[in-house]
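*Asks:*
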Amino acid sequence: MKIALPAALPCALTAALAAVTLALTAAAPAPLPHLAKSCVVTVMPRTRDTGLAFDYPHLGAVADRLRIMGYNLHNALGAPGPLSSTAWYEEFLTHATAQVPRDRLEVALPAYGWDWTVGSTARARHVTSLEAEALRRDVGADYALDPVSGTPHFTYTDDEGEEHQVWYQDAKGAARHLAVLARHGVRGTGLWALGFEDPRLWDALPAGPPVSPASPVRTAG
Numbered sequence: 001m002k003i004a005l006p007a008a009l010p011c012a013l014t015a016a017l018a019a020v021t022l023a024l025t026a027a028a029p030a031p032l033p034h035l036a037k038s039c040v041v042t043v044m045p046r047t048r049d050t051g052l053a054f055d056y057p058h059l060g061a062v063a064d065r066l067r068i069m070g071y072n073l074h075n076a077l078g079a080p081g082p083l084s085s086t087a088w089y090e091e092f093l094t095h096a097t098a099q100v101p102r103d104r105l106e107v108a109l110p111a112y113g114w115d116w117t118v119g120s121t122a123r124a125r126h127v128t129s130l131e132a133e134a135l136r137r138d139v140g141a142d143y144a145l146d147p148v149s150g151t152p153h154f155t156y157t158d159d160e161g162e163e164h165q166v167w168y169q170d171a172k173g174a175a176r177h178l179a180v181l182a183r184h185g186v187r188g189t190g191l192w193a194l195g196f197e198d199p200r201l202w203d204a205l206p207a208g209p210p211v212s213p214a215s216p217v218r219t220a221g
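Under the working numbering, the sequence shown has 136 at position 136, and the numbering climbs by one with no breaks.
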């Protein structure tokens, strides 16, 4: 059973959300482990300024796993930038591990990117990690891994003379982010989405719980 929660959940609904998740887990016909099934609640990262509606202690207590969406730090409707960063992971994992047992936590990594047209207010174009890397090679852009965020990016000019910025994630960047999970003692990982990823990502993942396909939660991006 998966419960995918919207990113823009109002804080006023915190109590209602807690009641719903408790009712769903209590209504299971038998203890879920005996059915070889589990209840996974997918939430946005909680930091000092975001995700405040999500009651991590309650959700971590009633669900088998709490999956944090570790992506869309910059989204398709905003300014260009990394989809995730190591500093952001440090921030939300510091909070999460203080509220939820580490063996119940899972972080879903991005396997996609956004292609922004610089100066445009139009929605950025979604690209998978595979598509982003193919585009980089096609336009002849150099590979660059941003040392601050730990994510790859490049720029190019299209046939109409418009400048683009592309930010995405690949195996090299994911390795930087997985190191943050390791420092916080979190081994569970997810991926948005299977089939989007750099094939080398599988070599970067630690041995342990299998990677899960992240729930298709609609966010601002």
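We put the CB at the ideal spot given by N, CA and C, even for glycine.
It should be emphasised that the depicted structure is a prediction, and the values quoted were computed from it without experimental measurement.
Hey, how far is the Cα of Val40 from the Cα of Ala96?
*Replies:* Position 40 of the sequence shown, counted from the first residue, corresponds to residue 40. Position 96 of the sequence shown, counted from the first residue, corresponds to residue 96. Roughly 15 Å between the two C-alpha positions.
*Asks:* Going by beta-carbon coordinates alone, are Ala115 and Ala124 separated by less than 7 Å?
*Replies:* Residue numbering aside, residue 115 sits at position 115 when the sequence shown is read from its first letter. Residue numbering aside, residue 124 sits at position 124 when the sequence shown is read from its first letter. For the sequence presented, residue 115 should be read as Asp rather than Ala. Cβ atoms of Asp115 and Ala124: closer than 7 Å.
*Asks:* Leaving aside the five residues before and after His164 along the sequence, list all residues of the same chain whose C-beta is less than 8 Å from its C-beta, in chain order.
*Replies:* As a working mapping, residue 164 is identified with position 164 in the sequence shown. Closer than 8 Å at Cβ, skipping near neighbours: Asp115, Trp116, Thr117, Val118, Thr155, Tyr156, Thr157, Asp158.
*Asks:* Just reading off the beta strand (DSSP E) that Glu106 is part of, what are its end residues?
*Replies:* Residue numbering aside, residue 106 sits at position 106 when the sequence shown is read from its first letter. 105-110 is the extent of the beta strand (DSSP E) around Glu106.
*Asks:* Quick check: Ala179 and Ala204, are their CB atoms within less than 7 Å of each other?
*Replies:* Taking the first residue of the sequence shown as position 1, residue 179 is located at position 179. Taking the first residue of the sequence shown as position 1, residue 204 is located at position 204. No, Cβ-Cβ distance for Ala179 and Ala204 is not below 7 Å.
*Asks:* Can the beta-carbon of Gly188 be found less than 7 Å from the beta-carbon of Glu106?
*Replies:* Position 188 of the sequence shown, counted from the start, is the residue given in the question as residue 188. Position 106 of the sequence shown, counted from the start, is the residue given in the question as residue 106. Yes, they are a contact pair.
*Asks:* Which residues in the same chain have their Cβ closer than 6 Å to the Cβ of Val127, if we skip the five residues on either side of it in sequence?
*Replies:* In the sequence shown, residue 127 corresponds to position 127, counting from 1. Correct list, in chain order: Gly113, Asp115.
*Asks:* So is Asp170 buried or exposed if we call it buried at 16+ other beta carbons inside 10 Å?
*Replies:* Within the sequence shown, the letter at position 170 stands for residue 170. Asp170 comes out buried.
*Asks:* Let me know if Trp88 comes out buried or exposed under the rule of 16 or more other beta-carbons within 10 Å of its beta-carbon.
*Replies:* Taking the sequence shown and counting its residues from 1, the one referred to as residue 88 is at position 88. Classification of Trp88: buried, given that the 10 Å Cβ count is 16 or more.
*Asks:* Note down, one range per segment and in chain order, each beta strand (DSSP E) of at least 3 residues found wholly within the region 152-178.
*Replies:* Fully enclosed beta strand (DSSP E) runs of 3 or longer: 163-168.
*Asks:* Measure from the alpha carbon of Asp103 to the alpha carbon of each residue in His74, Arg67, Leu135, then state which is nearest.
*Replies:* Looking up residue 103 in the sequence shown gives position 103. Cα-wise, what sits closest to Asp103 is Arg67.
*Asks:* Across which residues does DSSP place His126 in a beta bridge pair?
*Replies:* As a working note, residue 126 is residue 126 in the sequence shown. Looking at the DSSP assignment, His126 forms a beta bridge with Trp114.
*Asks:* Taking only the alpha-carbon atoms, compute the straight-line gap between Asp138 and Ala76 and give it to the nearest angstrom.
*Replies:* As a working note, residue 138 is residue 138 in the sequence shown. As a working note, residue 76 is residue 76 in the sequence shown. Rounded to whole angstroms, Asp138 to Ala76 spans 22 Å at the Cα level.
*Asks:* Within 10 angstroms of the Cβ of Ser85, are there 16 or more other Cβ atoms? Answer buried if so, exposed if not.
*Replies:* Here residue 85 refers to the residue found at position 85 when the sequence shown is read from its first residue. Result: buried.
*Asks:* Report, in whole angstroms, the separation of the C-beta atoms of Val62 and Phe54, which I expect to be a contact under 8 Å.
*Replies:* Taking the first residue of the sequence shown as 1, we reach residue 62 at position 62. Taking the first residue of the sequence shown as 1, we reach residue 54 at position 54. Their Cβ separation, rounded to whole angstroms, is 13 Å, which puts Val62 and Phe54 out of contact at 8 Å.
*Asks:* Arg65: buried (16+ other C-beta within 10 angstroms of its C-beta) or exposed?
*Replies:* Here residue 65 refers to the residue found at position 65 when the sequence shown is read from its first residue. The residue in question, Arg65, is buried, as its Cβ has 16 or more Cβ neighbours within 10 Å.
*Asks:* Terminal residues of the continuous beta strand (DSSP E) containing Val40?
*Replies:* As a working mapping, residue 40 is identified with position 40 in the sequence shown. It spans 40-43 - the beta strand (DSSP E) in which Val40 sits, taken as one unbroken run.
*Asks:* Would you check if the distance between the CB atom of Pro110 and the CB atom of Tyr143 is smaller than 7 Å?
*Replies:* The residue labelled residue 110 in the question sits at position 110 within the sequence shown. The residue labelled residue 143 in the question sits at position 143 within the sequence shown. Cβ atoms of Pro110 and Tyr143: not closer than 7 Å.
*Asks:* In angstroms with no decimal places, state the Cα-to-Cα distance between Pro206 and Ala108.
*Replies:* In the sequence shown, the residue the question calls residue 206 occupies position 206. In the sequence shown, the residue the question calls residue 108 occupies position 108. For Pro206 and Ala108, the distance between alpha carbons rounds to 14 Å.
*Asks:* When you compare the CB positions of Glu197 and Ser129, do they come within less than 7 Å of one another, or not?
*Replies:* Translated into the one-based positions of the sequence shown, residue 197 becomes position 197. Translated into the one-based positions of the sequence shown, residue 129 becomes position 129. In contact: Glu197 and Ser129 (Cβ atoms closer than 7 Å).
*Asks:* So, Ala132 versus Tyr168, is the Cβ gap smaller than 7 Å?
*Replies:* For this step, residue 132 is matched to residue 132 along the sequence shown. For this step, residue 168 is matched to residue 168 along the sequence shown. Yes, they are a contact pair.
*Asks:* Should Ser190 be labelled buried (16 or more other beta-carbon atoms within 10 Å of its own) or exposed?
*Replies:* If you number the sequence shown from 1, residue 190 lands on position 190. The amino acid occupying residue 190 in the given sequence is Gly; Ser does not appear at that position. Counting Cβ neighbours within 10 Å, Gly190 comes out buried, since at least 16 surround it.
*Asks:* Give me, in chain order, the residues of the same chain whose beta-carbon lies closer than 6 Å to that of Arg136; leave out the 5 immediate sequence neighbours on both sides.
*Replies:* Indexing the sequence shown from 1 puts residue 136 at position 136. So the list reads Phe154, once near-sequence residues are dropped.
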